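Top to bottom, those sequences are chains A and B.
Anchor point for the first sequence: position 54 equals 54 in our numbering, and the numbering is continuous, going up by one each time.
Anchor point for the second sequence: position 74 equals 74 in our numbering, and the numbering is continuous, going up by one each time.
Think of the CB as a built atom: it goes at the ideal place given N, C-alpha and C, for glycine as much as any other residue.
Computed from a prediction, not measured in an experiment: that's the story for all the values here.
There are 2 protein chains.
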Amino acid sequence: MEQTKIIIYGCVVMGLRVAEILSKKKSFAIVGAIDIDPELVGKDLGSLLEGDHNLGISIQNDPVELFNTVDADAVVLTTLSHLKEVFPQIDQCIQANLNVVSTCEELSYPWDREPELSRKIDDQAKDKGVTVVGTGINPGYLMDTLPLILTAPCLEVQSIKVSRMMDSSKRRIPFQKKIGTGLSPEVFRNKIDNKIITGHVGLLESINMVAEGLGWKLDEAVELPPEPVIADREVDTGLGLVKPGDVLGLVSIAYATMGGEKVITLEFNANAGVDEEYDEVVIEGIPNVHELIIGGVHGDIGTVAVTINTIPRAVQFEPGLILMKDLPPAIATS
Amino acid sequence: MEQTKIIIYGCVVMGLRVAEILSKKKSFAIVGAIDIDPELVGKDLGSLLEGDHNLGISIQNDPVELFNTVDADAVVLTTLSHLKEVFPQIDQCIQANLNVVSTCEELSYPWDREPELSRKIDDQAKDKGVTVVGTGINPGYLMDTLPLILTAPCLEVQSIKVSRMMDSSKRRIPFQKKIGTGLSPEVFRNKIDNKIITGHVGLLESINMVAEGLGWKLDEAVELPPEPVIADREVDTGLGLVKPGDVLGLVSIAYATMGGEKVITLEFNANAGVDEEYDEVVIEGIPNVHELIIGGVHGDIGTVAVTINTIPRAVQFEPGLILMKDLPPAIATS
Chain A
1 MEQTKIIIYG CVVMGLRVAE ILSKKKSFAI VGAIDIDPEL VGKDLGSLLE
51 GDHNLGISIQ NDPVELFNTV DADAVVLTTL SHLKEVFPQI DQCIQANLNV
101 VSTCEELSYP WDREPELSRK IDDQAKDKGV TVVGTGINPG YLMDTLPLIL
151 TAPCLEVQSI KVSRMMDSSK RRIPFQKKIG TGLSPEVFRN KIDNKIITGH
201 VGLLESINMV AEGLGWKLDE AVELPPEPVI ADREVDTGLG LVKPGDVLGL
251 VSIAYATMGG EKVITLEFNA NAGVDEEYDE VVIEGIPNVH ELIIGGVHGD
301 IGTVAVTINT IPRAVQFEPG LILMKDLPPA IATS
Chain B
1 MEQTKIIIYG CVVMGLRVAE ILSKKKSFAI VGAIDIDPEL VGKDLGSLLE
51 GDHNLGISIQ NDPVELFNTV DADAVVLTTL SHLKEVFPQI DQCIQANLNV
101 VSTCEELSYP WDREPELSRK IDDQAKDKGV TVVGTGINPG YLMDTLPLIL
151 TAPCLEVQSI KVSRMMDSSK RRIPFQKKIG TGLSPEVFRN KIDNKIITGH
201 VGLLESINMV AEGLGWKLDE AVELPPEPVI ADREVDTGLG LVKPGDVLGL
251 VSIAYATMGG EKVITLEFNA NAGVDEEYDE VVIEGIPNVH ELIIGGVHGD
301 IGTVAVTINT IPRAVQFEPG LILMKDLPPA IATS
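Structure, rendered in structure tokens:
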């Protein structure tokens, strides 16, 4: 089997998880790794992975030099969330005729937030014959591509609501901290006001992707500030017991209106008091579609998987800045 | 908005339903209609639709002549289930440089059953620059494309089980008859043995699509003869009361093995005793995915919708004989 040759750009959490899985899959070969952290440069990528094995891939800090010396099909870019910051890195990849699959949240639907950069990426990618796609579990799949795919059996669609219900007590401690677990409501509000606690990144990108998929011209898309979820009983969390009246986590809501009606609603609820986790899509249309993923999809594993499973499609597909909804669907790879 | 220009090939049940919906959608225009039934030829297509309005589209019996005189983008072909029979019609469309979206069940994954015809269609379609795709709710979506799409968040997949649970008492009377509603078990068995009652068409196509999507080389794919579902209480159906011990409907099962393990199982259960309808996908993998469409997807509406919603993707996509899993996903159209 011909292996797809991958360069890992960004050797921190998400990049390493992707590398860990790719190194075990027979249809992929890691051929290079990039990071600017002087602590990492020169180390073998394998030394940062579970098991500390040698991959023979030395982490380099100069992308252009690496791209000149190594034959690759695609770059997995996991460095930054904002397109403005990540644009120069994407551009380096494009200029080296490399396809780009990135977890940059804003890249999942960049046309609204960064129309000029999007145009540049699209033009350059077409010019060089490569595909650039922003992906991940959310944005990229659960709240945009999958709901759109679930409209396939509909003759008409009036509205879409997507809800994620996640039990944060099962998640990493830094995540539990990030969502305000254990804070008093006052401290939580203060952290919201000072943007120390922010909601889930990418809700507006998902809304815009859904709207474009359905050909909807929205009146507006609104992301509300995250709201605290307050304990009504004592709840055990990774940060200790949360007492009644204190914060269990948060809910992030974004919605969009068209013709004065609320037509898209996205709700991401992450708190330690959740009894049953799920990811839910409710489509009002002809016919209605009510879909549920029981137990929900694990966010971190999901993002690694969706990113990896998108690579073969991106490598094969027509050049340009492509949205997940327009790419042949990602399917589990071997 | 530029409208996609459609020719309706086959003006009976499914073709008429597609035409009915297309005639109301602003992104499509019906530009021609074909049927060989002398009773239909010369009639206005609109006279066969709900409301009996005039569409200005006279049903013709000579496809080649119609293709020569009308400018169209795609043909919706709903004539026959077996590829052998439908091949000459597909070929006519391809030779006229027309994309083909067809409900022919065998076309959804034709490579196993009809490799030579598949090769011919693929070659010819590439030569003429058109896309040919077999679609519908099942095969085409619920038991193949959608389950594959649900593997996107998986690092690994060990097995997939898809179950449809349909309350047949809500369905058309001919359908209830077709699945043996009200028969004694003996009469049912007899009709199975004589192939008067057959199971759901397309299970093997769905299995082959799933296997190809996951890169699995199967040991074998098996379709079992349909089994009767026996009433344990009196049940009201469209064919009258069914008494305990008689047949409420049937269950069709197909499965595939790999390395001696059952890795794909498809179960289509249609009977009048169903309390809750659903379509379910259970993926064993890392992580597991358990998905449910509560209430299920209505088969007839679903097939019309998926067929229509596939058209824009087929018109846009690269030429060849394309499988639904490899096409950018169908999304509800306006």
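| query | Between the C-alpha atoms of B/Pro115 and A/Leu117, what's the straight-line distance to the nearest angstrom? | reply | Stepping through the second sequence from its first residue, residue 115 of chain B is reached at position 115. Stepping through the first sequence from its first residue, residue 117 of chain A is reached at position 117. Their backbone Cα atoms lie some 46 Å apart in a straight line.
| query | B/Val157: which of B/Val304, B/Lys24, B/Leu266 and B/Val282 sits nearest, CA to CA? | reply | By 1-based counting over the second sequence, the position of residue 157 of chain B is 157. The residue with the shortest Cα to Cα distance from B/Val157 is B/Val282.
| Where does B/Thr69 land, buried or exposed, given buried means 16+ other C-beta within 10 angstroms? | Along the second sequence, one-based indexing puts residue 69 of chain B at 69. Under this definition B/Thr69 is an exposed residue.
| field | Three-state class that DSSP yields for A/Thr198 in the structure shown | value | Here residue 198 of chain A refers to the residue found at position 198 when the first sequence is read from its first residue. The answer is coil: DSSP assigns A/Thr198 none of H, G, I, E or B.
| Cβ neighbours of B/Lys5 in the same chain (closer than 7 Å, five flanking residues each side left out) | Here residue 5 of chain B corresponds to residue number 5 of the second sequence, with the count starting at 1. Excluding residues within five positions, the ones whose Cβ falls inside 7 Å are Ala29, Val31, Asp71, Ala72 and Asp73.
| query | Considering A/Ile179, what are the terminal residues of the beta strand (DSSP E) in which it resides? | reply | Residue mapping note: residue 179 of chain A aligns to position 179 of the first sequence, counting from 1. Counting along the chain, A/Ile179 falls outside any beta strand (DSSP E), and DSSP gives it neither H nor E.
| task | Return no unless some Cβ of chain A is closer than 7 Å to the Cβ of B/His290. | result | One-based indexing of the second sequence puts residue 290 of chain B at position 290. With 7 Å as the cut-off, B/His290 counts as an interface residue toward chain A.
| Exposure of B/Gln3, with buried meaning 16 or more beta-carbon neighbours within 10 Å | Position 3 of the second sequence, counting from 1, holds the residue named residue 3 of chain B. That one is exposed.
| task | Return the CA-CA distance between A/Arg189 and A/Leu248, expressed in angstroms with no decimal places. | result | As a working note, residue 189 of chain A is residue 189 in the first sequence. As a working note, residue 248 of chain A is residue 248 in the first sequence. Approximately 13 Å, taken between the alpha carbons.
| With a CB to CB cut of under 8 Å and the five nearest residues on each side skipped, what residues in its chain are close to B/Asp246? | Walking along the second sequence from the start, residue 246 of chain B turns up at place 246. Cβ neighbours of B/Asp246 beyond the five flanking positions: Gly182, Leu183, Ser184, Pro185, Ile230 and Ala231.
| field | Range covered by the alpha helix (DSSP H) that runs through B/Asn208 | value | Within the second sequence, residue 208 of chain B is the residue found at index 208, counting from 1. Leu203 to Leu214 is the extent of the alpha helix (DSSP H) around B/Asn208.
| said: Can you check whether the C-beta of B/Val297 is within less than 7 Å of a C-beta belonging to chain A? | reply: What you label residue 297 of chain B is simply residue 297 of the second sequence in a count that begins at 1. By this cut-off, B/Val297 is an interface position.
| field | Integer Cβ distance of A/Val263 from A/Ala256, believed to fall under 8 Å | value | As a working mapping, residue 263 of chain A is identified with position 263 in the first sequence. As a working mapping, residue 256 of chain A is identified with position 256 in the first sequence. That pair is a contact at about 6 Å.
| request: Using a Cβ cut-off of 7 Å (strictly closer), state whether B/Asn99 contacts chain A. | output: In the second sequence, counting from the first residue as 1, residue 99 of chain B sits at position 99. So, not an interface residue.
| query | If we count the other Cβ atoms within 10 Å of its Cβ and call it buried at 16 or more, is A/Asn194 buried or exposed? | reply | Stepping through the first sequence from its first residue, residue 194 of chain A is reached at position 194. The residue in question, A/Asn194, is exposed, as its Cβ has fewer than 16 Cβ neighbours within 10 Å.
| field | Per DSSP, cross-strand counterpart(s) of A/Gln60 | value | The residue you call residue 60 of chain A lines up with position 60 of the first sequence. A/Ile34, per the DSSP bridge assignment.
| query | What residues of chain A sit near B/Tyr141, judged by a beta carbon separation below 8 Å? | reply | Your numbering for residue 141 of chain B matches position 141 in the second sequence. The answer, in chain order, is Ala152 and Pro153.
| task | Taking B/Arg189 as part of the alpha helix (DSSP H), name the residues at either end of that continuous run. | result | Translated into the one-based positions of the second sequence, residue 189 of chain B becomes position 189. Looking at the DSSP string, the run of the alpha helix (DSSP H) that includes B/Arg189 is Pro185 to Asp193.
| query | Who are the Cβ neighbours of A/Ala96 in its own chain at under 6 Å, not counting the five residues just before and after it? | reply | The residue given as residue 96 of chain A occupies position 96 in the first sequence. Hits under 6 Å: Phe67.
| request: List the residues of chain B whose Cβ lies closer than 7 Å to the Cβ of A/Ala330, in chain order. | output: Locating residue 330 of chain A in the first sequence gives position 330, counting from the first residue. In chain order: Ala152.
| said: What residue range does the alpha helix (DSSP H) around B/Ile311 cover? | reply: The residue given as residue 311 of chain B occupies position 311 in the second sequence. Taken as a continuous stretch (DSSP letters only), the alpha helix (DSSP H) holding B/Ile311 covers Gly299 to Gln316.
| Cα-Cα separation between B/Val297 and B/Ile57, rounded to whole angstroms | Looking up residue 297 of chain B in the second sequence gives position 297. Looking up residue 57 of chain B in the second sequence gives position 57. B/Val297 and B/Ile57: Cα-Cα distance of roughly 32 Å.
| Whole-angstrom distance between B/Val133 and A/Pro338, CA atom to CA atom | The first residue shown for chain A is 1 and the last is 334, placing residue 338 of chain A beyond what the model contains.
| Per DSSP, which one or two residues make a beta bridge with B/Met324? | As a first step, residue 324 of chain B must be located in the second sequence, where it is residue number 324. B/Met324 pairs with nothing; no bridge assigned.
| task | Can you give me the Cβ contacts of A/Val100 inside the same chain, cut-off strictly under 6 Å, excluding the 5 residues immediately before and after it? | result | Position 100 of the first sequence holds residue 100 of chain A. Val75, Leu77, Ile90, Cys93 and Val132, listed in sequence order.
| task | State the Cα-Cα distance for the pair A/Ser23 and B/Cys154, rounded to the nearest angstrom. | result | The residue you call residue 23 of chain A lines up with position 23 of the first sequence. The residue you call residue 154 of chain B lines up with position 154 of the second sequence. Each residue's CA atom was taken as its position, placing A/Ser23 and B/Cys154 some 16 Å apart.
| query | Which of helix, strand or coil does DSSP assign to A/Gln89? | reply | By one-based count along the first sequence, residue 89 of chain A stands at place 89. Of the three classes helix, strand and coil, the one that applies to A/Gln89 here is helix, per DSSP.
| Beta-carbon of A/Asn269 versus every beta-carbon of chain B: anything under 7 Å? | By one-based count along the first sequence, residue 269 of chain A stands at place 269. Taking Cβ atoms only, chain B never reaches closer than 7 Å to A/Asn269, which makes this a no.
| Roughly how many angstroms lie between the CA atoms of A/Val13 and B/Ile293, to the nearest whole one? | Here residue 13 of chain A refers to the residue found at position 13 when the first sequence is read from its first residue. Here residue 293 of chain B refers to the residue found at position 293 when the second sequence is read from its first residue. If I take the Cα positions, the gap works out to 34 Å.
| field | B/Tyr109 versus B/Gln124, B/Met143, B/Gly46 and B/Gly295, residue with shortest Cα-Cα distance | value | Looking up residue 109 of chain B in the second sequence gives position 109. Looking at the Cα atoms, B/Met143 is the closest of the given residues.
| message | What residue range does the alpha helix (DSSP H) around B/Val130 cover? | response | Along the second sequence, read from residue 1 onward, the residue named residue 130 of chain B stands at position 130. Here B/Val130 belongs to no alpha helix (DSSP H), and DSSP marks it neither H nor E.
| Cross-chain neighbours of B/Ser334 in chain A, by beta carbon under 9 Å | Counting from one through the second sequence, the residue named residue 334 of chain B turns up at place 334. Per Cβ cutoff of 9 Å: Glu156, Val157, Leu214, Gly215 and Trp216.
| task | Could you name the residues of chain B that A/Leu327 contacts, counting a contact when the two beta carbons are closer than 8 Å? | result | Stepping through the first sequence from its first residue, residue 327 of chain A is reached at position 327. The contacting residues are Pro328.
| Interface residues of chain B facing A/Ile8 [CB-CB closer than 8 Å] | As a working note, residue 8 of chain A is residue 8 in the first sequence. Chain B residues near A/Ile8: none, gap ~16 Å exceeds 8 Å.
| Which class does A/Ala272 belong to by DSSP, given the choice of helix, strand or coil? | Within the first sequence, the letter at position 272 stands for residue 272 of chain A. Looking at A/Ala272 - three-state DSSP - the assignment turns out to be coil, as it is neither helix nor strand.
| message | Any contact between the stretch 165-172 of chain A and the stretch 268-281 of chain A? By contact I mean 3 or more CB pairs, one from each, below 8 Å. | response | yes
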